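Everything below concerns the one structure shown next.
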Amino acid sequence: MPVYRLNKTISFPNPVLARSDGLLAVGGDLSVERLLLAYTHGIFPWYNPGEEIMWWCPKKRFVIFPKEIHISHSMRKYIKKHKLQIRLNRDFADTMHRCRIKREWQEGTWISDEMEKAYSQLFQAGYAVSVEVEEDGELAGGFYGVSIGSCFFGESMFSEKENGSKTALIAFAQLLEEKGFLFMDCQFYTKHLESMGGRYISWEEYDQMLHIGTQRGD
């Protein structure tokens, strides 16, 4: 199946035309308008620095439903033991950069200067969110993502202390449940997110929720 090449027009091919590995298109830009169109149709950018922008739309989606967030026995003990404070948008740029540095150190990253600039603009437009947790007054971890309607799309996490990103994810899931969010899109499977309650759903189920949650007009 061909990979579509985007031009200056803010549009995407039908997501069902993505390859079996999830790759849908290349090219285009990271403007706020294009990113919003992408996320409301289940598409997201993911590519190595220096490469063309690559747009993905996996046929099976790995998500966490807020009410299904799993809190292990050890995490419950940790939460009770420490004084924890959750903050939203403490410093979006700093949180995204910490995610970049942690990934570069461990396994390489797709978070380039171009991505940092684009998501900071998305934050300024009111569609990107950072979540941070402080443990006993010190920054422990966090993550950032995109929030549209009642759908949240997670991007990357960091931990400065053990359990930092886990605590942030648990607290945020509970907040999303209170606010009636439909799902947290994890994009790709990881064993870590599976242990937190993540599971696969079909494209059809995902797209239906996405349509409702973002009030997408097709």
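In terms of my numbering, the sequence shown has 182 at position 173, counting the first letter as 1, and numbering is strictly consecutive. Every residue, glycine too, gets a C-beta built ideally from N, C-alpha and C. Since this is a predicted model, take the numbers as computed values, not measurements.
Rounded to whole angstroms, what is the Cα-Cα separation between K111 and T104?
11 Å
Just the Cα atoms here: how many angstroms apart are S46 and Y128?
Residue identity differs from the one stated: residue 46 is Leu in this sequence, not Ser. Spanning the two alpha carbons is a distance of roughly 14 Å.
Determine, using beta carbons only, whether L15 and G36 come nearer to each other than 8 Å.
yes
Among residues of its own chain, excluding the 5 on either side of S121, which ones have a beta-carbon nearer than 6 Å to its beta-carbon?
P58
Coil, strand or helix - E113 by DSSP:
With a pLDDT of 48 at E113, under the threshold of 50, the modelled position of this residue cannot be trusted, and the question is left open.
Secondary structure, beta strand (DSSP E): runs of 3+ residues fully inside the segment 116-158:
137-144 and 147-157
Contacts around I80, its chain only, beta-carbon distance under 7 Å, and the 5 residues preceding and following it disregarded
I179
With contact counted as at least three CB pairs below 8 Å, one residue from each stretch, are the segment 70-87 and the segment 145-156 in contact?
Two segments are said to touch when three or more pairs of C-beta atoms, one from each, lie closer than 8 Å; by this definition the segment 70-87 does not touch the segment 145-156.
With DSSP collapsed to three states, give me the class of L219.
The answer is helix: DSSP assigns L219 an H, G or I state.
So that I know if they touch, is there some Cβ in chain C lying closer than 8 Å to that of A34?
Of the protein chains in the structure, only one exists, and it is not chain C.
Per DSSP, which one or two residues make a beta bridge with L32?
BP columns for L32 point to W65.
Going by Cα to Cα distance, which pick from L39, D38, M124 and Y13 is closest to R28?
Y13
In the DSSP assignment, find the unbroken alpha helix (DSSP H) run with R85 in it and report its ends.
H82 to K90
With respect to the alpha helix (DSSP H) encompassing I52, which residues constitute its N-terminal and C-terminal limits?
Run containing I52: none; DSSP gives neither H nor E here.
Throw me the rounded Cβ distance for the Y153 and F197 pair, which I believe falls under 8 Å.
Not confirmed; about 16 Å, so no contact.
Does the contact criterion of 3 or more C-beta pairs under 8 Å hold for the segment 172-188 versus the segment 217-225?
no
For V72: DSSP bridge partner residues
D194 and R208
Residue closest to L191, alpha-carbon to alpha-carbon, out of F162, M205, L202 and N172:
F162
How is I95 classed by DSSP in three states: helix, strand or coil?
Residue state, collapsed to three classes: strand.
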